[in-house]
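The structure appears right after this line, and notes come after that.
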Amino acid sequence: MKALIIYFSQTGGTEKIAKQIQKGILKSGNECEMVRIKDAKNKKLVDFDLIGLGCPTFYYREPLSVKLFIQNIDNANGKHCFIFCTHGSVIGNTFYYMNEELNKKGYLVIGAFDSYSESSIQFYPQPMHTAKHPDDIELREAEEFGQKICNTSLRIQKGEKKLIPNFEEIENTWWARDSKLATPEALRSMTPKFIINIEKCTKCLTCQDNCPGDAIDVEADPPEIQKEGCIFCWFCEKLCPEEAIEADWTSARKLFKGNLRRYIKELKKAEEQGKFRPYVDYEKIK
Ligand SMILES: Cc1cc2nc3c(=O)[nH]c(=O)nc-3n(C[C@H](O)[C@H](O)[C@H](O)COP(=O)(O)O)c2cc1C
């Protein structure tokens, strides 16, 4: 079997998991290529028997750029795929929405894997509550997932339909409500406004080249940022070597302070269920 893993990763968590899954697939005697989502348009998905798609959780669901990516791929006519993601405290409805979009494109999702990951948000306190994730156990589990997934695909093809996972939408939780409110319009008004300081910008294009929504035009006069397509991931601000992208983080910090208690509650629940292992003392997170 020939598999292709397509992944979106900004700070490396999802990439680590993608590599482990690839390792597992190769160990199982199958072929597996891996490509970043930005380069995936150069791949012909019809050439592969199994597609894997992975991303971080943003705003309790899949990033907007991943939703658009799925909407732009060709119809697959029942081809098998698997999904994976990394997240901080709350994966939310990430798999539900990915599955929904992939189904619309004729893909059948035959497996899903998720892992905690160190959070990538610049104004979070350090150490973060999910520090040191994915840990060795999650990395091993990702490899094991990869080792099994091609065989799962074959078994489903032979008729074992009960192996097909069910992805139900979770509703009536605080994060499900927040996720519904996180429309691109709402995020634009709720999250920090970015500006490019033209005194500092050297037009190195780092921000523009790495923008998942193609929402930056440094060469425009004046330079444009957070154009239509922006997914409010704040990666550009983090990457700029000149610190030329400026933002007022006051409101985002306030929002985070309000949510921290809820995040820790979710992690404690996951800890009780054996799904999460903390490596920092929650009391020390300020
Ligand atoms: C803008 C933004 C929104 C995020 N939203 C969530 C979220 O809703 N739930 C969650 O658990 N983690 C959230 N995270 C944390 C990321 O999902 C987590 O850090 C992820 O592992 C990053 O993946 P990467 O290292 O592959 O880029 C968010 C991160 C960013 C930057």
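Residue numbers (my numbering): -5 to 280. Think of the CB as a built atom: it goes at the ideal place given N, C-alpha and C, for glycine as much as any other residue.
Buried versus exposed, by CB contacts within 10 Å (16 or more), residue i
i	result
Ile104	buried
Pro206	buried
Tyr273	exposed
Ser183	exposed
Arg55	buried
Thr80	buried
Trp228	buried
Glu266	exposed
Ala180	exposed
Trp168	exposed
Gln16	buried
Thr146	buried
Asn66	exposed
Gly48	buried
Asp108	buried
Ser245	exposed
First and last residue of the uninterrupted beta strand (DSSP E) at residue i
i	result
Ala34	Looking at the DSSP string, Ala34 is not in any beta strand (DSSP E), and its letter there is neither H nor E.
Thr80	74 to 81
Tyr110	102 to 110
N-terminal and C-terminal residue of the alpha helix (DSSP H) that residue i is part of
i	result
Ser173	168 to 175
Gly48	Counting along the chain, Gly48 falls outside any alpha helix (DSSP H), though it belongs to the beta strand (DSSP E) covering 44 to 50.
Leu58	58 to 65
Glu132	130 to 151
Ser245	244 to 266
Phe117	No alpha helix (DSSP H) contains Phe117, which DSSP labels as neither H nor E.
Ala180	178 to 184
Glu240	Per DSSP, Glu240 belongs to no alpha helix (DSSP H); it is in the beta strand (DSSP E), 239 to 241.
Inter-residue Cα distance where the pair is residue i and residue j
i	j	result
Val29	Cys198	24 Å
Ile282	Gly252	For residue 282 there is no data in the structure shown, the boundaries of the chain being -5 and 280.
Leu102	Asn71	9 Å
Leu157	Ile150	7 Å
Ala106	Leu96	13 Å
Glu165	Ala(-3)	33 Å
Gln14	Pro216	43 Å
Thr177	Asn87	14 Å
Lys98	Glu162	16 Å
Ile209	Ile225	This sequence places Ala at residue 209; Ile is not what is there. Each residue's alpha carbon lies about 9 Å from the other.
Tyr90	Ile64	14 Å
Asp33	Phe42	16 Å
Ile115	Asp242	14 Å
Leu175	Ser83	19 Å
Val40	Lys152	21 Å
Glu138	Ile(-1)	16 Å
Ile279	Ala136	28 Å
Thr5	Leu148	34 Å
Ile239	Glu213	14 Å
Pro119	Lys263	21 Å
Closer than 7 Å: residue i CB and nearest ligand 3 heavy atom
i	result
Phe270	Among the ligands present in this structure, namely ligand 1, ligand 3 is not found.
Under the three-state DSSP convention, the category residue i falls into
i	result
Leu(-2)	strand
Glu231	helix
Tyr54	coil
Cys201	helix
Ala12	helix
Met122	coil
Ile19	helix
Phe188	strand
Asp211	strand
Val84	coil
Glu193	coil
Glu324	The first residue shown for the chain is -5 and the last is 280, placing residue 324 beyond what the model contains.
Glu222	coil
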